[in-house]
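Numbered per my numbering, the sequence shown spans residues 312 to 601. Please read the structure below before turning to the comments.
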Amino acid sequence: MGTVVTETRPSIETARRALVARLAAAGIEEAALDARMLIGAALGLDLTGLVAQANRQVTADEAERLERIVQRRLAGEPVARILGIREFWGLPFHLSQATLVPRPDTETVVERALEIYRERPASMPPPRIVDIGVGSGAILLALLHEIPGAFGVGTDLNLDALRTAKRNAAALGLSDRAAFVACSYVDALAGSFDLIVSNPPYIRSADIATLSREVREHDPHLALDGGRDGFDAYRALIPQAAARLVPGGALIVEAGQDQAGEIETLMRAAALWIERPPKADLAGIPRAVS
Ligand code: GLN
């Protein structure tokens, strides 16, 4: 007599718990969040879907797909790279190998730029914005999303980054207010601008080796490496940007830890008036210098 063997597969919820434990055991800090994102990606479900279907069984196909991406995570690939997308300012940004994964700290630059914009008389025309080293477009597109009628230019040395930013502009419905230019800093731009923002590379070259594996192996070094003392990009960018500001315009740059003071010195040398204190990120680190 034959026996029918029904292989029992775990429910989504059981699989999720097992994965949290597995990721945590591998030393992954955000195990719970990562597990949810990876299961969502493998099963094609958002948070609501995961909750609604928590008790159904994971199919064999899904389990196989999940295992493949879990292996990538265990090998040190960040979740945002596996998904190819990351949320910033509540908006989805596609990523490529040429773009940094946008960091929550960088939202401090957006916040500061918006504060400065909102201090202007309401009668002024919408601002013209430049984002130097635009990457995925996170800062520029968040600003265009927030400021009605604003027009922005993103510059980058990397064509693949510019393509990614352009794709993000289209996905966010901002294509008609955003232009992307391949150049170094602002050297191909004509005219002057109301707001210039940048998250330039600022890690000391020698410190790249000490970054976490997720950053070191998966973020583009062009976007990280700030030269010997970490200030190469600021030294080039600040005078060039200062020369492109309208009177009363503002330059807002992201600073690495302990860099704000030196950035202020460079800004003062470019005859800019310094807004004190720099705006701190959620960890209390002075992050946006303007
Ligand atoms: N904040 C990034 C990091 O965590 C560095 C980004 C940059 O150099 N602009 O490494």
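Backbone N, C-alpha and C fix where the C-beta goes; we use that ideal spot for every residue, glycine too.
How far does the beta strand (DSSP E) with residue i in it extend, from its first residue to its last?
i           : result
residue 398 : 396 to 399
residue 381 : Per DSSP, residue 381 belongs to no beta strand (DSSP E); it is in the alpha helix (DSSP H), 371 to 385.
Measuring CB to CB, does residue i end up less than 9 Å from residue j?
i           : j           : result
residue 592 : residue 416 : yes
residue 560 : residue 506 : yes
residue 520 : residue 553 : no
residue 575 : residue 420 : no
residue 440 : residue 504 : yes
residue 384 : residue 361 : no
residue 590 : residue 430 : no
residue 382 : residue 323 : no
residue 481 : residue 467 : no
residue 496 : residue 570 : no
residue 562 : residue 601 : yes
residue 483 : residue 522 : no
residue 395 : residue 525 : no
residue 512 : residue 493 : no
residue 422 : residue 599 : yes
residue 377 : residue 330 : yes
residue 342 : residue 354 : no
residue 516 : residue 539 : yes
residue 541 : residue 572 : no
Reducing DSSP to helix, strand and coil, say where residue i ends up.
i           : result
residue 402 : strand
residue 486 : helix
residue 446 : coil
residue 600 : strand
residue 460 : coil
residue 344 : helix
residue 411 : coil
residue 367 : coil
residue 473 : helix
residue 441 : strand
residue 493 : strand
residue 465 : strand
residue 506 : strand
residue 324 : helix
residue 480 : helix
residue 635 : The displayed coordinates of the chain run from 312 to 601. Any statement about residue 635 would go beyond what the structure contains.
residue 355 : coil
residue 453 : helix
residue 329 : helix
Check for me: the alpha helix (DSSP H) holding residue i runs from which residue to which?
i           : result
residue 338 : It is not in any alpha helix (DSSP H) - residue 338 carries neither H nor E in the DSSP assignment.
residue 420 : 418 to 430
residue 319 : No alpha helix (DSSP H) contains residue 319, which DSSP labels as neither H nor E.
residue 360 : 358 to 363
Using a Cβ-based criterion (distance less than 8 Å to any ligand heavy atom), does residue i qualify as near the ligand HEM?
i           : result
residue 442 : No copy of the ligand HEM appears in this structure; the ligands present are the ligand GLN.
Segment contact flag, the segment 440 to 449 with the segment 397 to 409, C-beta cutoff 8 Å, min 3 pairs:
Counting Cβ pairs under 8 Å, three or more are found: they touch.
Report the residue ranges of all beta strand (DSSP E) runs contained in full by the segment 509 to 593; include only those spanning at least 3 residues, in chain order.
Qualifying beta strand (DSSP E) stretches, in chain order: 556 to 565.
Using a Cβ distance threshold of 8 Å, determine whether the segment 452 to 463 contacts the segment 396 to 404, with at least three qualifying pairs required.
Contact holds: three or more Cβ-Cβ distances are below 8 Å.
May I ask you to verify whether the segment 363 to 383 touches the segment 340 to 355, counting CB pairs closer than 8 Å and requiring at least 3?
Taking 8 Å as the limit for Cβ pairs, the verdict is that the segment 340 to 355 does touch the segment 363 to 383.
Within the chosen definition, does the segment 525 to 533 reach the segment 381 to 393 through at least 3 CB pairs nearer than 8 Å?
Counting Cβ pairs under 8 Å, three or more are found: they touch.
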